[in-house]
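Residue numbers (the numbering used here), protein chains in the order written: chain A, 1 to 437; chain B, 1001 to 1437.
Number of protein chains: 2
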Amino acid sequence: MRTLIQNVHVLTMDQTYTEYPNGFVLMNGNTIEAVGASGTPITVQVDKTIDGRGAIAMPGMVNTHTHIGMIPFRSLGDDTPDRLTRFLFPLEKACMTRSLAYHSGKYAIAEMQLAGITTFMDLYYFESDLARAADEMGARAILSETVLEDACDSPVPFGGLEYAERFIPEWLNHERITPAIAPHAPYTNTTESLQQARKIADHYGVPLTIHVSEMDFEMKKYEKEYQQTPIAYLAACGILNSNTVAAHCIFATPDDIALLAQHDVAVAHCIGANTKSAKGIAPIQAMQEAGLRIGLGTDGPSSGNTLDLFTQMRMVANFHKTQLKDRSAFPAREIVRLATMGGAEALGMAETIGSLEPGKKADLLLIETESVNMFPLFDPYATIVYSAQAANVQAVWIDGQPVVQEKSLVKIPLATLRQNLSSEMTDFRATASTFSK
Amino acid sequence: MRTLIQNVHVLTMDQTYTEYPNGFVLMNGNTIEAVGASGTPITVQVDKTIDGRGAIAMPGMVNTHTHIGMIPFRSLGDDTPDRLTRFLFPLEKACMTRSLAYHSGKYAIAEMQLAGITTFMDLYYFESDLARAADEMGARAILSETVLEDACDSPVPFGGLEYAERFIPEWLNHERITPAIAPHAPYTNTTESLQQARKIADHYGVPLTIHVSEMDFEMKKYEKEYQQTPIAYLAACGILNSNTVAAHCIFATPDDIALLAQHDVAVAHCIGANTKSAKGIAPIQAMQEAGLRIGLGTDGPSSGNTLDLFTQMRMVANFHKTQLKDRSAFPAREIVRLATMGGAEALGMAETIGSLEPGKKADLLLIETESVNMFPLFDPYATIVYSAQAANVQAVWIDGQPVVQEKSLVKIPLATLRQNLSSEMTDFRATASTFSK
């Protein structure tokens, strides 16, 4: 089955930023067969031709850090101090169930797909159910089961380890779904549980992701207890390697960055969530200079609120330019790269996704240019970073399958996903109303 | 003609943040007649009833600083150093015409209306044509003719003074349109032209707006030449009074803030444009503590790129929380206040707009809550600031007239406005292509 998308401005996001202002993309099954300028003769049989109506065609975006089970928490206690320990942990413990996580997961994936995110890395509980949600939604995803002492999906301390041992083999070798493990953070784990998580990841050859150097108190704790940074501690414990995604790294020191580079650890940069919570701005320019792989992350819907990378791209531009006092730092096309190839590299998927190149998976999106905010269009990268919003996403394909067309989900109405999730939220709402007093 | 909007979550934005989670708004002609909870008996004759379908109803947003003639510049040279002097000033001089400004103005106003902005303060050239554009679009607006040495709408130095003398009387006493004068900045004016602009503003009793303390070189110039800040200089020249809107004020010192307070000057805070250009973060918390009136501004479409306050509100939250290292600073509802009542106060219109209260002008919008990013909705202020985007704006009324319904312009198709503007851009495009080399 070959699908030809014509009349699009193609941003390939390949190594030299090849662009076709009047171009086409040809998909064959789940693969990109050709990309080029209009007028290039197509000699193969095409089954379906789509008129892109002047849209921007680009590789599907990659969200390197989120918590898809947390839609119920959105807009709850946003500006509260100690929100994590006062609201999130206790509410999760009291109300999070397999079914709530599953329906939240499907809703969150819908939100990402409607915003042009085709691949994501999740870190939450009940990941077996979330993997099922991702599979059903046609997503490409890495689902990482959380390990910490007191988890809502396990009655025993660090039960995520056992969960992961059951969960990971279930999903190994799936075409789009990759199971993984996520010790929550150094400060919520023992050295032993961290090392067991690393052992499980290595045994199955799957990714490990972890929140690192995100919290002020975390930095102080490691300084006081170990006279080292959390990153140095993780390195010393043998947790860090090239199949590791470290989320946040806000307080990474130059020595930390060198350690991350030495172990080839990738970083998930979540500028929106990090700055909304007043934590700070991760030094990603220094990380880039050290050669680190960096992707963007929305963080969960309670932290970053929206599951789209448009919001994040714009924040990356504004925060880092201001921080560096340089309006030419992080030019728009480099930021679009972070949201696509950067994320693919961070997740160890640079060979298969992240750019529109023949042989790669057919994960792509069209951004319409008809809405009021999309004119004029002198520089499509600038338009994407500074003007576009999630609502401009017109169509999305994952693994060659259309998941969004004409700004709507293809397989299931959004209203159904919402109704299903809302029905599951009865207990959550009741408990939340007692928490927020 | 009475219109009743039912089934809405009303945020009145009055002094005590009165909310009606299941409420109504009743308009009578161009005035708000009543606001309240559903079930309140309506004893008057209603001509039209609208089902808000669970939308958030709030006062129309107020954009306190923009340049509506600059749509042609959007996405052009965004990440270039010295963009103002290298791109914008020369291109304006070479290509800006009455007709281009007019069509850009209409397009920009459409963009604002589609994003729920009902009142704006503009600062540009050809303001007589822009006032006509604003009037035709049904906008409420203050249009401020620019004064600087070398203007594209005048062959003589500081020709904006003469222009303003002709333009202001033309539009005095219009229901929705207020003419004004805008000496561009202290550094682009002489002391004499600044004082003449002040004289004209006072003579006609109209606002004066000016860019202040926005540029690094501006601060250095005034330090070197006058041993004072630009704000102190303006105060000493007699330019500042309560009918003055100072845009940016990024580098305002504590003494400057005291001076602004002493003269009751209002501030237009343009966080998106200020940080995209790496200039900095205006100290608005200190300004609030000093009692200054503060509104939000998108700045022009070349600087802030989008003409919506959703982008700005989110940036206000993230930048100021991070700057102050306090996640509870600038809670969402205070930010929504900046976008509504704050702007109304800044523009001297607090008596007539900025909140949904009986007797005020019927300027309001509905934000739909059906889209994927709008669920769940525990806190509508948080949803507006952290989740909503311009595309969620469902309907807008200005002065009791519907200007946006079902996310589309009521009076004229957007495609027509775009085609008209695009046709005017031929010379601009040709010249721009030589500039960007």
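Ideal placement from N, C-alpha and C gives every residue a C-beta, glycine not left out. A quick note: this is a predicted structure, and the numbers were derived from the prediction, not measured.
message: Beta-carbon within less than 8 Å of B/Ala-1388's beta-carbon, same chain only, minus the 5 sequence neighbours each way: which residues are those?
response: Short of 8 Å from the beta carbon of B/Ala-1388, and not among the five residues preceding or following it, lie these beta carbons of its own chain, in chain order: Phe-1310, Ile-1367, Asn-1373, Met-1374.
- prompt: In terms of residues, what are the limits of the beta strand (DSSP E) holding B/Pro-1402?
  reply: Run containing B/Pro-1402: 1401-1405, per the beta strand (DSSP E) assignment.
- prompt: With contact counted as at least three CB pairs below 8 Å, one residue from each stretch, are the region 295-315 of chain A and the region 337-345 of chain A in contact?
  reply: Result yes; three or more Cβ-Cβ pairs closer than 8 Å.
task: Can you tell me the Cβ-Cβ gap for B/Ile-1117 and B/Met-1061, rounded? I've got them flagged as a contact below 8 Å.
output: Right, the Cβ-Cβ distance comes to about 5 Å (below 8 Å), so this counts as a contact.
Sequence-distant residues of its chain with Cβ nearer than 6 Å to B/Ile-1284 (five each side left out): Correct list, in chain order: His-1269, Ile-1294.
task: State the DSSP-derived secondary structure class of A/Tyr-125, mapped to helix, strand or coil.
output: Coil, per DSSP.
task: Sort B/Phe-1024, B/Thr-1012, B/Tyr-1020 by Cα distance to B/Arg-1002 and report the nearest one.
output: For B/Arg-1002, the closest of B/Phe-1024, B/Thr-1012, B/Tyr-1020 by C-alpha to C-alpha distance is B/Phe-1024.
message: Check whether chain B comes within 9 Å of A/Met-137, counting only Cβ atoms and requiring the distance to be less than that.
response: It does not: the Cβ of A/Met-137 has no partner Cβ on chain B nearer than 9 Å.
task: Check distances from the C-beta atoms of the region 336-352 of chain A to those of chain B and list, in chain order, the residues that come in under 8 Å.
output: Of all residues in the region 336-352 of chain A, none has a Cβ within less than 8 Å of some Cβ in chain B.
task: Taking B/Glu-1424 as the query, report the chain A residues whose CB atoms sit under 8 Å from its CB, ordered along the chain.
output: Neighbours of B/Glu-1424 on chain A: none; closest Cβ ~11 Å, over 8 Å.
field: Endpoints, alpha helix (DSSP H) assigned at B/Pro-1179
entry: B/Pro-1179 -> not in any alpha helix (DSSP H); beta strand (DSSP E) instead, spanning 1177-1183.
- prompt: Using DSSP with H/G/I as helix, E/B as strand and the rest coil, what is A/Pro-331?
  reply: Coil, per DSSP.
- prompt: Of all Cβ atoms in chain A, is any one closer than 9 Å to the Cβ of B/Gln-1389?
  reply: Chain A, which has a Cβ nearer than 9 Å to the Cβ of B/Gln-1389, makes this yes.
query: In its own chain, which residues sit with a C-beta less than 6 Å from the C-beta of B/Ser-1242, not counting the 5 before and 5 after it?
result: Its chain contains Asp-1264 as the residues whose beta carbon lies nearer than 6 Å to that of B/Ser-1242, once the 5 sequence neighbours on both sides are disregarded; these appear in chain order.
message: Buried or exposed, going by whether 16 or more other CB atoms sit within 10 Å of the CB of A/Lys-220?
response: By the 10 Å Cβ count, A/Lys-220 comes out exposed.
Simplified DSSP assignment, three categories, for B/Leu-1292: Looking at B/Leu-1292 - three-state DSSP - the assignment turns out to be coil, as it is neither helix nor strand.
CB contact flag (A/Leu-240, A/Ala-252, <9 Å): In this structure, A/Ala-252 does not lie closer than 9 Å to A/Leu-240 by Cβ.
- prompt: Looking only at DSSP bridge pairs, what is A/Tyr-20 linked to?
  reply: According to DSSP, residue pairing for A/Tyr-20 in a beta bridge involves A/Val-10.
- prompt: Which same chain residues, not among the five before or five after A/Thr-352, have their C-beta less than 8 Å away from its C-beta?
  reply: Contacts found: Ala-344, Lys-360, Lys-361.
field: Backbone secondary structure at B/Val-1385 - three-state DSSP
entry: Residue state for B/Val-1385 is assigned as helix, using DSSP reduced to three classes.
task: Just grab the DSSP bridge partners of B/Leu-1143 for me.
output: Under DSSP, the beta-bridge partners assigned to B/Leu-1143 are B/Asp-1122, B/Pro-1179.
- request: Give the straight-line distance between the Cα atoms of B/Arg-1098 and A/Ala-185, rounded to the nearest whole angstrom.
  value: Taking the straight line from one Cα to the other gives about 60 Å.
- prompt: What are the boundary residues of the beta strand (DSSP E) that includes B/Ile-1032?
  reply: Membership of B/Ile-1032 in the beta strand (DSSP E) is indicated by the continuous run 1031-1037.
B/Ala-1057 (DSSP reduced to helix, strand or coil): Residue state, collapsed to three classes: strand.
- prompt: Interface residues of chain A around B/Ser-1328 at Cβ under 9 Å?
  reply: Identification of chain A residues near B/Ser-1328 by a Cβ-Cβ cut-off of 9 Å yields Asp-79, Thr-80, Pro-81, Ala-278, ordered along the chain.
Inter-residue spacing [alpha-carbon to alpha-carbon] between A/Thr-85 and A/Met-425: Spanning the two alpha carbons is a distance of roughly 21 Å.
task: For A/Met-315, go through chain B and note every residue whose CB falls closer than 9 Å to its CB, in chain order.
output: What A/Met-315 touches in chain B: Arg-1314, Met-1315, Asn-1318.
Sheet register partners of B/Asn-1063 (DSSP bridge): In the DSSP assignment, B/Asn-1063 is bridged to B/Phe-1120, B/Leu-1296.
message: What does the alpha-carbon distance come out to for the pair B/Phe-1167 and B/Val-1147?
response: Cα to Cα, the separation comes out at about 13 Å.
message: What does the alpha-carbon distance come out to for the pair B/Glu-1162 and A/Glu-111?
response: Cα to Cα, the separation comes out at about 54 Å.
query: By the criterion of Cβ-Cβ separation under 9 Å, what are the contact partners of A/Val-10 in chain B?
result: Neighbours of A/Val-10 on chain B: none; closest Cβ ~17 Å, over 9 Å.
B/Phe-1428 versus B/Glu-1092: straight-line alpha-carbon distance, rounded: Looking at the backbone, the Cα of B/Phe-1428 and that of B/Glu-1092 are separated by about 9 Å.
- prompt: With DSSP run on the structure shown, which of helix, strand or coil describes A/Thr-244?
  reply: For A/Thr-244, the three-state secondary structure derived from DSSP is strand.
Of the listed residues A/Leu-130, A/Ala-246, A/Tyr-187, A/Met-315, nearest to A/Lys-224 (C-alpha basis): For the residues A/Leu-130, A/Ala-246, A/Tyr-187, A/Met-315, the minimum Cα distance to A/Lys-224 belongs to A/Tyr-187.
message: With H, G and I counted as helix, E and B as strand and the rest as coil, what does DSSP make of A/Met-27?
response: Of the three classes helix, strand and coil, the one that applies to A/Met-27 here is strand, per DSSP.
- request: Please report the Cβ distance between B/Glu-1019 and B/Leu-1011, rounded to the nearest whole angstrom; I am assuming they are in contact, meaning their Cβ atoms lie under 8 Å.
  value: B/Glu-1019 to B/Leu-1011, Cβ: 6 Å. Contact.
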